[in-house]
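**Q** This structure is in structure tokens; I'll ask about it shortly.
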Amino acid sequence: MRLESERIYLRPLCESDAPNILEYTKDKEIRYMTGTNSNFSLEQIKSHIKNINNESSRYDFAICLKSSDEMVGELSIFDIDEESKKAGFRISMVSISLTGKGYGTEAIKIVLSFVFDQLKLNRIQLEVYSHNLRGIRAYEKVGFVKEGVLRQSLFFNKAYSDEIIMAILKSDNDNMLL
Numbered sequence: 002m003r004l005e006s007e008r009i010y011l012r013p014l015c016e017s018d019a020p021n022i023l024e025y026t027k028d029k030e031i032r033y034m035t036g037t038n039s040n041f042s043l044e045q046i047k048s049h050i051k052n053i054n055n056e057s058s059r060y061d062f063a064i065c066l067k068s069s070d071e072m073v074g075e076l077s078i079f080d081i082d083e084e085s086k087k088a089g090f091r092i093s094m095v096s097i098s099l100t101g102k103g104y105g106t107e108a109i110k111i112v113l114s115f116v117f118d119q120l121k122l123n124r125i126q127l128e129v130y131s132h133n134l135r136g137i138r139a140y141e142k143v144g145f146v147k148e149g150v151l152r153q154s155l156f157f158n159k160a161y162s163d164e165i166i167m168a169i170l171k172s173d174n175d176n177m178l179l
């Protein structure tokens, strides 16, 4: 499966992406934005990719540039609940230098179309830390709404951050397209 827009495409995450993922899990700013405290080995990442590719309740994609096939990020639609028509969502760029270029926003728009039109879900939910202002703005820009706050949910870099719960409904997305 390949999902495309003007500048990027999404393709299934594969084991050969593991070295790229390992590198960005070492980036201090990416770790801070995602609240990642754990360290991972290449084998752990390969094993994780193998496991998630065998799960029917999720889709994991590499975000790639059409111009060069470079992987610039990855995203997941997970915990798909077909009965309640909802799922979780997360996205991460491989480098802070790639943020602010619209790739993440473009990827989210592709995913929303896939989730609402093809998977026929009604709700996508994500969690973002309060210190990730760029991420919060990007989510709001595509129609995610703040629904709740888990106060001081993360202790990272000797400070607490809130965890903000955001979601978008199919009807919100439909209204954004008008």
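For what it's worth, my numbering labels the leading residue of the sequence shown as 2, then goes sequentially.
Quick reminder that beta carbons are idealized off the backbone N, C-alpha and C, glycines included.
1) Using a Cβ-Cβ cutoff of less than 6 Å, which residues in the same chain neighbour Ala63 once the five nearest sequence positions on both sides are dropped?
2) Name the one or two DSSP bridge partners that Glu5 has.
3) Can you tell me whether DSSP reads Leu122 as helix, strand or coil?
4) Tell me, which residues are paired with Phe156 by DSSP?
5) Only counting the same chain, and skipping five residues up and downstream in sequence, which positions put a Cβ closer than 6 Å to that of Gly144?
6) Reducing DSSP to helix, strand and coil, say where Val143 ends up.
7) Let me know the secondary structure DSSP gives Glu75 once reduced to three states.
8) Whose C-alpha, out of Met34, Glu16, Asp80 and Ile109, is nearest the C-alpha of Leu43?
9) Secondary structure at Ser93, three-state DSSP: helix, strand or coil?
10) At which residue ranges does the region 3–72 contain complete beta strand (DSSP E) runs of 3 or more residues, listed in the order of the chain?
11) From the DSSP secondary-structure annotation, give me the bridge partner or partners of Glu128.
12) Should Met2 be labelled buried (16 or more other beta-carbon atoms within 10 Å of its own) or exposed?
13) Could you tell me the alpha carbon to alpha carbon distance between Leu23 and Arg138, rounded to whole angstroms?
14) Which residue's Cα is closest to the Cα of Ser57: Cys65, Leu66, Ile109 and Ser77?
15) Quick one: grab the DSSP three-state call for Lys110.
16) Which residues mark the beginning and the end of the alpha helix (DSSP H) in which Ser85 is found?
17) How is Gly136 classed by DSSP in three states: helix, strand or coil?
18) Taking only beta-carbon positions, decide if Met94 is within less than 9 Å of chain B.
19) What are the boundary residues of the alpha helix (DSSP H) that includes Lys171?
**A** From the atom records:
1) Around Ala63: Arg12, Leu14, Asp18, Met72 and Glu75.
2) DSSP, once it has assigned bridges, lists Tyr10 as partnering Glu5.
3) DSSP places Leu122 in coil when its eight states are reduced to three.
4) DSSP output for Phe156 lists Tyr161 as bridge partner(s).
5) Closer than 6 Å at Cβ, skipping near neighbours: Ile169, Asp173, Asn174 and Met177.
6) Under the three-state reduction of DSSP output, Val143 falls in the coil class, being neither helix nor strand.
7) Of the three classes helix, strand and coil, the one that applies to Glu75 here is strand, per DSSP.
8) Checked all of Met34, Glu16, Asp80 and Ile109; the closest Cα to Leu43 is Glu16.
9) Judged by DSSP in its simplified three-state form, Ser93 adopts strand.
10) As far as the region 3–72 is concerned, its whole beta strand (DSSP E) runs of at least 3 residues are 9–13 and 60–66.
11) Looking at the DSSP assignment, Glu128 forms a beta bridge with Ile166.
12) By the neighbour-count rule (16 or more Cβ atoms within 10 Å), Met2 is not buried but exposed.
13) Across the structure, Leu23 and Arg138 are spaced so that their CA atoms are roughly 26 Å apart.
14) Taking the Cα of Ser57 as reference, the smallest distance to any Cα among Cys65, Leu66, Ile109 and Ser77 is reached at Ser77.
15) Of the three classes helix, strand and coil, the one that applies to Lys110 here is helix, per DSSP.
16) It is not in any alpha helix (DSSP H) - Ser85 carries neither H nor E in the DSSP assignment.
17) In the structure shown, the three-state DSSP call for Gly136 is helix.
18) The structure shown contains no chain B; it holds only a single protein chain.
19) That run of the alpha helix (DSSP H) goes Lys171 to Leu178.
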